[in-house]
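These protein sequence lines map, in sequence, to chains A, B, C and D. Using our numbering, you'd call the opening residue of the first sequence number 719 and step up by one each time. Using our numbering, you'd call the opening residue of the second sequence number 719 and step up by one each time. Using our numbering, you'd call the opening residue of the third sequence number 45 and step up by one each time. Using our numbering, you'd call the opening residue of the fourth sequence number 45 and step up by one each time.
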Amino acid sequence: MDYTASEMMTISAARALKNDDVCFVGIGQPSAAANLARLTHAPGVTLIYESGTIGTKPDVLPLSIGDGELAETAVTVVPVPEMFRYWLQGGRISVGFLGAAQLDKFGNINTTVIGPYDKPKVRLPGGGGAPEIASSCGEVFLIMAQSKRGLVDRIDFCTSLGHGPGAGTREKLGLTTKGPSLLVTDLCIMKPDPVTKEFTVVSIHPGVSRDKITGNTGWPVRFAAHVEETPPPTKGELEALRALHERTARAHGGNA
Amino acid sequence: MDYTASEMMTISAARALKNDDVCFVGIGQPSAAANLARLTHAPGVTLIYESGTIGTKPDVLPLSIGDGELAETAVTVVPVPEMFRYWLQGGRISVGFLGAAQLDKFGNINTTVIGPYDKPKVRLPGGGGAPEIASSCGEVFLIMAQSKRGLVDRIDFCTSLGHGPGAGTREKLGLTTKGPSLLVTDLCIMKPDPVTKEFTVVSIHPGVSRDKITGNTGWPVRFAAHVEETPPPTKGELEALRALHERTARAHGGNA
Amino acid sequence: MATAQIMSLREAVAAYVKDGDSIAMEGFTHLIPFAAGHEIIRQKRRRLTIIRMTPDLIYDQLIGMGCADKLVFSWGGNPGVGSLYRLRDAVENGWPHALQIEEHSHAAMANAYEAGAAGLPFAVFRGYVGTDLPKVNSNIKPLKCPFTGEELAAVPSLRPDVAIIHAQKADRAGNVLIEGIVGVQKEAVLAARRAIVTVEEVVESLQGVSPNACILPNWTVSAVAEVPGGAHPSYAHGYYQRDNAFYKAWDEIARERDSFTAWMDDNVMRSGPEAFAARGKAQGKRKAG
Amino acid sequence: MATAQIMSLREAVAAYVKDGDSIAMEGFTHLIPFAAGHEIIRQKRRRLTIIRMTPDLIYDQLIGMGCADKLVFSWGGNPGVGSLYRLRDAVENGWPHALQIEEHSHAAMANAYEAGAAGLPFAVFRGYVGTDLPKVNSNIKPLKCPFTGEELAAVPSLRPDVAIIHAQKADRAGNVLIEGIVGVQKEAVLAARRAIVTVEEVVESLQGVSPNACILPNWTVSAVAEVPGGAHPSYAHGYYQRDNAFYKAWDEIARERDSFTAWMDDNVMRSGPEAFAARGKAQGKRKAG
Numbered sequence: 719m720d721y722t723a724s725e726m727m728t729i730s731a732a733r734a735l736k737n738d739d740v741c742f743v744g745i746g747q748p749s750a751a752a753n754l755a756r757l758t759h760a761p762g763v764t765l766i767y768e769s770g771t772i773g774t775k776p777d778v779l780p781l782s783i784g785d786g787e788l789a790e791t792a793v794t795v796v797p798v799p800e801m802f803r804y805w806l807q808g809g810r811i812s813v814g815f816l817g818a819a820q821l822d823k824f825g826n827i828n829t830t831v832i833g834p835y836d837k838p839k840v841r842l843p844g845g846g847g848a849p850e851i852a853s854s855c856g857e858v859f860l861i862m863a864q865s866k867r868g869l870v871d872r873i874d875f876c877t878s879l880g881h882g883p884g885a886g887t888r889e890k891l892g893l894t895t896k897g898p899s900l901l902v903t904d905l906c907i908m909k910p911d912p913v914t915k916e917f918t919v920v921s922i923h924p925g926v927s928r929d930k931i932t933g934n935t936g937w938p939v940r941f942a943a944h945v946e947e948t949p950p951p952t953k954g955e956l957e958a959l960r961a962l963h964e965r966t967a968r969a970h971g972g973n974a
Numbered sequence: 719m720d721y722t723a724s725e726m727m728t729i730s731a732a733r734a735l736k737n738d739d740v741c742f743v744g745i746g747q748p749s750a751a752a753n754l755a756r757l758t759h760a761p762g763v764t765l766i767y768e769s770g771t772i773g774t775k776p777d778v779l780p781l782s783i784g785d786g787e788l789a790e791t792a793v794t795v796v797p798v799p800e801m802f803r804y805w806l807q808g809g810r811i812s813v814g815f816l817g818a819a820q821l822d823k824f825g826n827i828n829t830t831v832i833g834p835y836d837k838p839k840v841r842l843p844g845g846g847g848a849p850e851i852a853s854s855c856g857e858v859f860l861i862m863a864q865s866k867r868g869l870v871d872r873i874d875f876c877t878s879l880g881h882g883p884g885a886g887t888r889e890k891l892g893l894t895t896k897g898p899s900l901l902v903t904d905l906c907i908m909k910p911d912p913v914t915k916e917f918t919v920v921s922i923h924p925g926v927s928r929d930k931i932t933g934n935t936g937w938p939v940r941f942a943a944h945v946e947e948t949p950p951p952t953k954g955e956l957e958a959l960r961a962l963h964e965r966t967a968r969a970h971g972g973n974a
Numbered sequence: 045m046a047t048a049q050i051m052s053l054r055e056a057v058a059a060y061v062k063d064g065d066s067i068a069m070e071g072f073t074h075l076i077p078f079a080a081g082h083e084i085i086r087q088k089r090r091r092l093t094i095i096r097m098t099p100d101l102i103y104d105q106l107i108g109m110g111c112a113d114k115l116v117f118s119w120g121g122n123p124g125v126g127s128l129y130r131l132r133d134a135v136e137n138g139w140p141h142a143l144q145i146e147e148h149s150h151a152a153m154a155n156a157y158e159a160g161a162a163g164l165p166f167a168v169f170r171g172y173v174g175t176d177l178p179k180v181n182s183n184i185k186p187l188k189c190p191f192t193g194e195e196l197a198a199v200p201s202l203r204p205d206v207a208i209i210h211a212q213k214a215d216r217a218g219n220v221l222i223e224g225i226v227g228v229q230k231e232a233v234l235a236a237r238r239a240i241v242t243v244e245e246v247v248e249s250l251q252g253v254s255p256n257a258c259i260l261p262n263w264t265v266s267a268v269a270e271v272p273g274g275a276h277p278s279y280a281h282g283y284y285q286r287d288n289a290f291y292k293a294w295d296e297i298a299r300e301r302d303s304f305t306a307w308m309d310d311n312v313m314r315s316g317p318e319a320f321a322a323r324g325k326a327q328g329k330r331k332a333g
Numbered sequence: 045m046a047t048a049q050i051m052s053l054r055e056a057v058a059a060y061v062k063d064g065d066s067i068a069m070e071g072f073t074h075l076i077p078f079a080a081g082h083e084i085i086r087q088k089r090r091r092l093t094i095i096r097m098t099p100d101l102i103y104d105q106l107i108g109m110g111c112a113d114k115l116v117f118s119w120g121g122n123p124g125v126g127s128l129y130r131l132r133d134a135v136e137n138g139w140p141h142a143l144q145i146e147e148h149s150h151a152a153m154a155n156a157y158e159a160g161a162a163g164l165p166f167a168v169f170r171g172y173v174g175t176d177l178p179k180v181n182s183n184i185k186p187l188k189c190p191f192t193g194e195e196l197a198a199v200p201s202l203r204p205d206v207a208i209i210h211a212q213k214a215d216r217a218g219n220v221l222i223e224g225i226v227g228v229q230k231e232a233v234l235a236a237r238r239a240i241v242t243v244e245e246v247v248e249s250l251q252g253v254s255p256n257a258c259i260l261p262n263w264t265v266s267a268v269a270e271v272p273g274g275a276h277p278s279y280a281h282g283y284y285q286r287d288n289a290f291y292k293a294w295d296e297i298a299r300e301r302d303s304f305t306a307w308m309d310d311n312v313m314r315s316g317p318e319a320f321a322a323r324g325k326a327q328g329k330r331k332a333g
């Protein structure tokens, strides 16, 4: 079956979630990937949205993090302060699943401003739940389309901590969580180098060249000693993803 | 109609509650007085028990602060941490209604130990909600039978703050609440002297002599310049109180 | 304690929202009090400090119409769609006038409302670790645990002058019921000096709900106003769906100053709270699909 | 994350309660886990630190039977009746052995559970002002607000090894529903490393309750055991009333060591969790009067 690079990205991100994970889901690409995991190999995965919905099983993708589907299909819905105190800060989440506007090679995220904070060229939405998702979840999966504008050498503002300036930073700050352990793009999969924590290509999506990856990364990207080829989407994965998008588009009265 | 000293105490305590009060109710005598107020002149009074029941209207007196009647007749029931954070500490309670084992002339309460803390002669139940009821409620009403053992010159342990060693103490500690503003016993009604904050007799129940009050108080008790006679219970008050006790005794399968 | 009065939204805003007030209009995606926001715009309140975790379209509109001098927030976008162009225009270009911002994370704001409701001067949480936000916000301070020495973050509690929320139901006595995604509405109301609640309907009694239902007793609220559909294009669980198509359409409407102003003129300035009933109904109870 | 196993109470206590553990058995008047307490006594656990806001009869029994070395509490009486004589005998006379106590106010313990559930090392609140409790409890420390300078109180968070609670229902997947007076049970479970929940009944599904019902998802609980009547002489909202007559009778039973030991022997040591079903039923759903 034919598939798009974006479908490959969502599907390979979905594969990383395990059946017994408890996942704090960011909106957009992370939400598509997390729900695809639930609809395919990980039916038991617990999805949590910052709106307070715990163990939610939406039939269509929510446009926001608080659509009605999320509450209607949840095991329970808790107040937002409780969500951030008991569930996120309480250390009950195994995986935080986030997108980003700007990302550096250590997985530090900028979703605040392009340009100086006081006189921004572009004012982005801001941190939302991400600063504490990044520090409190057992580990963090990142998903974003690969480009030099997105994967940059230096982020303009550190909204959410990855590995800071490199290995050892999180430990020095007293964190016991892993931080970013996976970056899935439309071209490849990267993981932090075990020693330096720099994001390194470990798997390349079918048909993508190394040059294309290098050309779309804002830092001199490294490849692991053994780089695999990402298995292409299965028929089941693709059908589940497309059906999900189709249901979503119908429900939202437009493109999703 | 004939009445007992205990009935006079409960009824004159009940009279102090106003229709628009929000009252944090201690168990025992305070609960009887607060519910009597609700069943007579103050049908709109909001009664709150530390178990989390807000705006409760029990048909019988609860034996504990968490009997089923309280939840079944409440406007809503909140978790105990929320009760102490949002409702008590949040400054939403106008009157705290408490009993005491030992009380001094400045309304400081001991419900912890008789004797030294580490080797108590009698181990009392402890503070429970009272330490923060005493500091966070707009004002505190106290109710207890009068005796030299109860109304003492020095309490063995300060479980809950009244006016400390005297006027100005609460302000020095940063409190903006009034503290104890009323003490109702089976013999009389006392209020803090406006200057010294010492509990002073302002009203004597019918048929009680000054000597009896003096003889049942552990400090040299003072009488206000104008001492009134407490109006005796009305027929309506007595009937409401007796009916309440009768319903309660039936429901608890024994004396209440 | 004073008890909620049931009145019209016009009267409630006139009585309880003053120029220069700090206002928290909350509702986390669900139950956003749009009708009340429009009423504030129509009554031309000025110099407001507007507080909201997710400014959403409702604050894009207040900002674009010049009601606000300051915004306290933690995520300022059009969820799943993109930017809030009126917010960006104010921050990037000072239109219609400069907007001061105080920026937090969701965890910080949720904790700050909670601390406000709890009558505390500050909130403490494990947050902002390794981020740049404390460098640009002096209201974020470190605080050491007196037992373990761990360094945590502290922020001042939020104590708005007014909280405004939308809820499903109130009874005739003014007790308010919220169900579904309850967000930080209860905390915002309890943290505020005054509170206005718009509701889908006023009913005889709230009997029959769970003993632990999220209810704000009438003595915690200043005014209750019945405004059916009053959360549109947000939604009311059990009444109508989120109008996701409108959220997408807003991207186009708000992108340019002219189209924004024209839309506000047609749909807010020359309209009233009554108009919301039809907007809610159009969304229906169930998804089209 | 691991998911709750449905098993017998005997198995659950054997698997999850160890000698020397710190244990929080909560339930604020309502839903006190008596059957689980009896099982711990029968299985002869020793050197426990037992944590509970209101020790109640359940801890009077554990203390009198020699299970506990330390008690953390805030109000230790028989509500509306009088003393807990076994607690007093341990504190006043060291029978059956000395009992260390750590004493707080309700506000402090409620906040400490909340902080434990929230993963914080301590709780901060406005408490103990002007009282003698900080003089006898070194776990109460002053803490200054970094913004206003106000002095507040701090206590370490509670993080028990095990939490044990009783609830109305669990579904077959092990999700737990609590209704009515919910107390601090949710916080105790989320603050603890392991959790056992006894329930009145295991049902097919929890569908049909409020979207905001107090539910503990199965991955927050270690074991669920069905024990009908398991809260008696406390009560289960919707199932049976509080046995106030038994609370009064306990005053007589527990006053002397001999009568206490005889009662425990008859009703606990030579009994089992099955016995609770009849005790709950005897209380019925409605009041006699």
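By construction, the Cβ of each residue, glycine as well, lies at the ideal position given by its N, Cα and C atoms.
At a cut-off of 8 Å between beta-carbon atoms, His923 of chain B makes no contact with chain D. Within chain C, the C-beta atoms nearer than 8 Å to that of Gly746 of chain A come from Gly124, in chain order. No Cβ-Cβ contact shorter than 8 Å links Gly126 of chain D with Asp302 of chain D.
CA-to-CA, the gap between Gln144 of chain D and Val135 of chain D works out to about 8 Å. Nearest to Lys325 of chain D by C-alpha distance, out of D:Asp309, D:Tyr279 and D:Ser254, is D:Tyr279.
For Thr829 of chain A, no alpha helix (DSSP H) segment is defined, and its DSSP state is neither H nor E. Where Pro178 of chain C is concerned, the enclosing alpha helix (DSSP H) starts and stops at Leu177 to Val180.
Look at the beta carbons and you see the region 764-775 of chain B touching the region 737-748 of chain B: at least three pairs across the two are nearer than 8 Å.
The C-alpha of Ser899 of chain B lies about 21 Å from the C-alpha of Lys866 of chain B. Boundaries cannot be given for Met313 of chain D, as no alpha helix (DSSP H) includes it and DSSP labels it neither H nor E.
The beta carbons of Val796 of chain B and Ile772 of chain B sit closer together than 8 Å. Residues of the same chain with a CB within less than 6 Å of the CB of Gly108 of chain D, apart from the 5 flanking positions on each side, are Arg130 and Phe304 in chain order. Taking a Cβ-Cβ threshold of 8 Å, the residues of chain C close to Pro838 of chain A are Val135 and Glu136, in chain order.
Phe802 of chain A is positioned such that its CB atom lies closer than 8 Å to that of Glu850 of chain A.
Closer than 8 Å to the CB of Ser118 of chain C there is at least one CB belonging to chain A.
Remark: fewer than three beta-carbon pairs, one from each stretch, lie closer than 8 Å, so the region 191-206 of chain D and the region 221-233 of chain C are not flagged as touching.
Under a criterion of Cβ atoms nearer than 8 Å, the residues of chain C adjacent to Ala789 of chain B are, in order, Pro255. In the same chain as Ser52 of chain D, and ignoring 5 residues on each side of it, the C-beta atoms closer than 8 Å to its own belong to Ala269 and Pro317, in chain order. Restricting attention to B:Arg756, B:Thr794 and B:Gly770, the CA atom closest to the CA of Asp777 of chain B is found in B:Arg756. According to the DSSP assignment, Ile297 of chain C belongs to the alpha helix (DSSP H) that extends over Asn288 to Arg299. With fewer than 16 neighbouring CB atoms inside 10 Å of its own CB, Gln251 of chain D falls in the exposed class. Contact annotation: in the region 216-233 of chain C, residues whose CB is within less than 8 Å of a CB in chain A are Gly224, Ile225, Val226, Gly227, Val228, Lys230 and Glu231. Using a 10 angstroms sphere on the CB of Val913 of chain B, the tally of other CB atoms stays under 16, which defines it as exposed.
Burial check for Ala943 of chain A: the Cβ neighbour count within 10 Å stays below 16, so the residue is exposed. Chain order gives the chain A residues near Glu194 of chain C as Gly892, where near means a beta carbon separation below 8 Å. Three or more Cβ pairs drawn from the region 949-960 of chain B and the region 725-732 of chain B lie within less than 8 Å of each other, which places the two stretches in contact. In the three-state scheme derived from DSSP, where H, G and I count as helix and E and B as strand, Met801 of chain A is classed as helix. Apart from sequence neighbours up to five positions away, the residues of its chain that approach Pro140 of chain D with a beta-carbon distance below 6 Å are Gly110, ordered along the chain. With respect to chain C, the C-beta atom of Lys213 of chain D has no partner C-beta closer than 8 Å.
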